[in-house]
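Residue numbers for the sequence shown follow our numbering, so the first one is 57 and each next one is one higher.
Backbone N, C-alpha and C define an ideal beta-carbon position, used for all residues, glycine too.
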Amino acid sequence: MCGIAGFISLNEQTLGNGQKVLKCMGELLAHRGPDGEGTWTDQAGKVGLAHRRLSIIDLSAAGAQPMKGRDGTIISLNGEIYNYLELQKSLSGNWDFSSESDTETVLAAYDKYGEDCVDHLRGMFSFAVWDERKKRLFCARDRFGIKPFYYVVVDGVFYFASEAKALLPVLPDIETDPEAMAEYLTFNFVIGENTLFKGIKQLLPGHGLMIEGDKLRTWRYWDVNYQVDWDHGEEWFQDRLRSLLDDSIDVHLRSDVPVGAYLSGGIDSSLMAILAA
């Protein structure tokens, strides 16, 4: 569970303490990534990315982040892209891969598809891509929100991180949001994009975020598409379910480190362990 963080100025101001801010946010995310750390800022000091690495795919230095692509793209990603091997194959004609990392496949997909790259990603992820050529920051969160993404705007600067606590040092005052607190105590979660900290928001599952100049926009790139199928019988659905489970387990087992399974005593974890064995 890597940790990501970063900032971008919305009003062209230079952050003189940008590296210090990145270091501070990175230290607050250190528990998420014991295998490496990295920071990057542009020459003007208006954009910065930080990363704490938990190595799973491509344990070499080639998989370190923030990772640079071509034409000035650079990414900080938390998560796993399960179909990275298929993406490497389909994108190889458009991209010269220099690593075996699943992170690089996101850079390659962004290079070809732009913000629509998320439509081609299968996995759990949150990431930020700085596009130097287009001068924009593109962020996205996976379809079910497995990987977190929090952000806040303070004094004309957009900050983001994998955990809300990494954003607390940039807040002028730390206050709880009473409405969010009431929702949490009622439902055991906060509805919508607000968080327990006033001013800090979360990027919703299945959403993208783009910053160009001083404009910030978010949009939903995916939603559940329920379909009714009366054309197949019980046996077909049984076979289909088994096929989907086998395929899902197979891609989840892709790893350059040992993989284990937690057994809760319920049917889901037991079934996954059996299929993975």
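Residue i - DSSP class collapsed to helix/strand/coil
i, result
"F293", "helix"
"G89", "coil"
"S116", "coil"
"S311", "coil"
"C195", "strand"
"T70", "coil"
"G94", "strand"
"G321", "coil"
"D187", "strand"
"G104", "strand"
"S111", "coil"
"S65", "strand"
"D279", "coil"
"Q144", "helix"
"I75", "One point to set straight first is that residue 75 is Gln, not Ile, in the sequence displayed. Three-state result, Q75: helix."
"G316", "coil"
"A333", "coil"
"S299", "helix"
"S326", "helix"
"S304", "helix"
Beta carbon of residue i nearer than 9 Å to that of residue j
i, j, result
"C195", "L265", "yes"
"S218", "I60", "yes"
"S311", "I130", "no"
"F153", "E160", "yes"
"S132", "K102", "no"
"G92", "H107", "yes"
"F205", "Q258", "yes"
"S182", "N134", "yes"
"I230", "F214", "no"
"I256", "V185", "no"
"G72", "F63", "no"
"V210", "L227", "yes"
"M123", "R88", "no"
"L319", "A222", "no"
"R276", "L260", "yes"
"T95", "L110", "no"
Chain D contact for residue i (CB, 9 Å cutoff)
i, result
"G119", "In summary, chain D is missing from the structure at hand, where a single protein chain is found."
For residue i, the residue or residues it bridges with in DSSP
i, result
"M123", "I131"
"D152", "D152 pairs with nothing; no bridge assigned."
"M180", "E136"
"D287", "Bridge partners of D287: none, in fact."
"T274", "L265"
"G59", "R108"
Distance between beta carbons of residue j and residue i, contact taken as under 8 Å
i, j, result
"D98", "S157", "Contact doesn't hold; Cβ gap of about 22 Å is too wide."
"R192", "N139", "The Cβ separation is near 26 Å, so there is no contact."
"D187", "G128", "7 Å"
"R197", "H263", "6 Å"
"L180", "E136", "Looking at the sequence itself, residue 180 is Met, so the reference to Leu does not match. With 8 Å as the limit, M180 and E136 qualify as a contact, their Cβ atoms being about 6 Å apart."
Residue i: CB within 8 Å of a non-hydrogen atom of the ligand NAP
i, result
"D287", "No copy of the ligand NAP appears in this structure; indeed no ligand is present at all."
#### Entry: Entirely enclosed alpha helix (DSSP H) segments - the stretch 202–269, minimum 4 residues
DSSP runs (the alpha helix (DSSP H)) wholly in the stretch 202–269: 234–243.
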